[in-house]
Amino acid sequence: MRASRITDAQKAFIPKQAEEGMPVADVCRKAGISAATFFSWKKKYGGLLPTEMRRLKQLEDENAKLKKLVADLSLDHEMLQGRDPPKSLKPARKRKLVDEVRREWGVSIRRACRIFEFDTSMYYYRSRRPGQAPLAERIKDICATRVRYGYRRVHVLLRREGWMINHKRTHRIHNELGLQLRSKSPKRRVKAKLREDRVPAVAANETWATDFVNDQLASGRKLRILTIDDRRHLLPLRAGGRRQVQLPGRGTW
Numbered sequence: 294m295r296a297s298r299i300t301d302a303q304k305a306f307i308p309k310q311a312e313e314g315m316p317v318a319d320v321c322r323k324a325g326i327s328a329a330t331f332f333s334w335k336k337k338y339g340g341l342l343p344t345e346m347r348r349l350k351q352l353e354d355e356n357a358k359l360k361k362l363v364a365d366l367s368l369d370h371e372m373l374q375g376r377d378p379p380k381s382l383k384p385a386r387k388r389k390l391v392d393e394v395r396r397e398w399g400v401s402i403r404r405a406c407r408i409f410e411f412d413t414s415m416y417y418y419r420s421r422r423p424g425q426a427p428l429a430e431r432i433k434d435i436c437a438t439r440v441r442y443g444y445r446r447v448h449v450l451l452r453r454e455g456w457m458i459n460h461k462r463t464h465r466i467h468n469e470l471g472l473q474l475r476s477k478s479p480k481r482r483v484k485a486k487l488r489e490d491r492v493p494a495v496a497a498n499e500t501w502a503t504d505f506v507n508d509q510l511a512s513g514r515k516l517r518i519l520t521i522d523d524r525r526h527l528l529p530l531r532a533g534g535r536r537q538v539q540l541p542g543r544g545t546w
């Protein structure tokens, strides 16, 4: 009998026959095994009860499963080395990575998809929509002539021309082509960029700097003072209850 066809209970019973007085050679000839196999079984199963045999078998099966699981996890980790995290990838990129892993490691499509958190139905899916090259070219032409148009206004023009498309497709193609509008700078910043550099003052009353200063008295009354600096002289400030200011040598205004 082939050793692979002998059950664990029979493997435990064969060494017991030798313990009961039967010669080892006769036991081996009767079981159809070699002496080396006999002594290997005797070392492993000798003295075990049937319940212990079953428990040993369960432990061996669990150990084999754990070893396979650890080996699979280690292989999955190696296949992911040097690649982007699966959650940050688009379906087209995941499909390419699945093909690369299959060629490099020889794994199945199902396992490669599981590694990259990619459903197998998405891997086999192929779009049936017609090519979008003409639509993309038309969007580029519109944006070239109307540079301040966003995707919504481009979509309106496309619909007027007879393109039966959804605004979501227009938005997606618009973004893929990199035609998003850049936000305008505030006008005050534009003026600041175009403003000429200030000429350093070399005498009094050539360059003045003004600013309002807000404060509050202990009684709760608010103050607002206009400060003026001519870059050469420190002018005195006069606080009062009336809306007036007196400049040295220039009167009140």
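Quick note: the sequence shown uses our numbering, first residue 294, plus one each step. We put the beta carbon where it would ideally sit given N, CA and C, even for glycine.
According to DSSP, is residue i helix, strand or coil?
i           : result
residue 310 : helix
residue 411 : coil
residue 387 : helix
residue 303 : helix
residue 547 : Any property of residue 547 remains undetermined from this structure, which presents the chain solely from 294 to 546.
residue 507 : strand
Is it true that the CB of residue j sits closer than 8 Å to the CB of residue i?
i           : j           : result
residue 394 : residue 415 : no
residue 447 : residue 435 : yes
residue 331 : residue 307 : yes
residue 547 : residue 324 : Look at the range of the chain in this structure, 294 to 546, and you will see that residue 547 is not part of it.
residue 506 : residue 521 : no
residue 466 : residue 429 : yes
residue 338 : residue 304 : yes
Whole-angstrom Cβ separation of residue i and residue j, contact assumed at under 8 Å?
i           : j           : result
residue 444 : residue 463 : 5 Å
Quick one: Cα of residue i to Cα of residue j, how far?
i           : j           : result
residue 546 : residue 504 : Bear in mind that the predicted position of residue 546 carries a pLDDT of just 46, short of 50, making it too unreliable to give a figure here.
residue 470 : residue 419 : 22 Å
residue 516 : residue 498 : 26 Å
residue 392 : residue 455 : 39 Å
residue 327 : residue 405 : 44 Å
residue 440 : residue 450 : 14 Å
residue 500 : residue 493 : 8 Å
residue 509 : residue 489 : 37 Å
residue 377 : residue 403 : 19 Å
residue 380 : residue 386 : 11 Å
residue 417 : residue 384 : 11 Å
residue 293 : residue 364 : This structure gives no information on residue 293, because the portion of the chain shown stretches from 294 to 546.
residue 544 : residue 491 : Reliability of the predicted coordinates at residue 544 is poor, the pLDDT of 46 falling under 50, and the value obtained from them is presented with this limitation in mind. Going by the C-alpha atoms only, they are around 28 Å apart.
residue 426 : residue 362 : 47 Å
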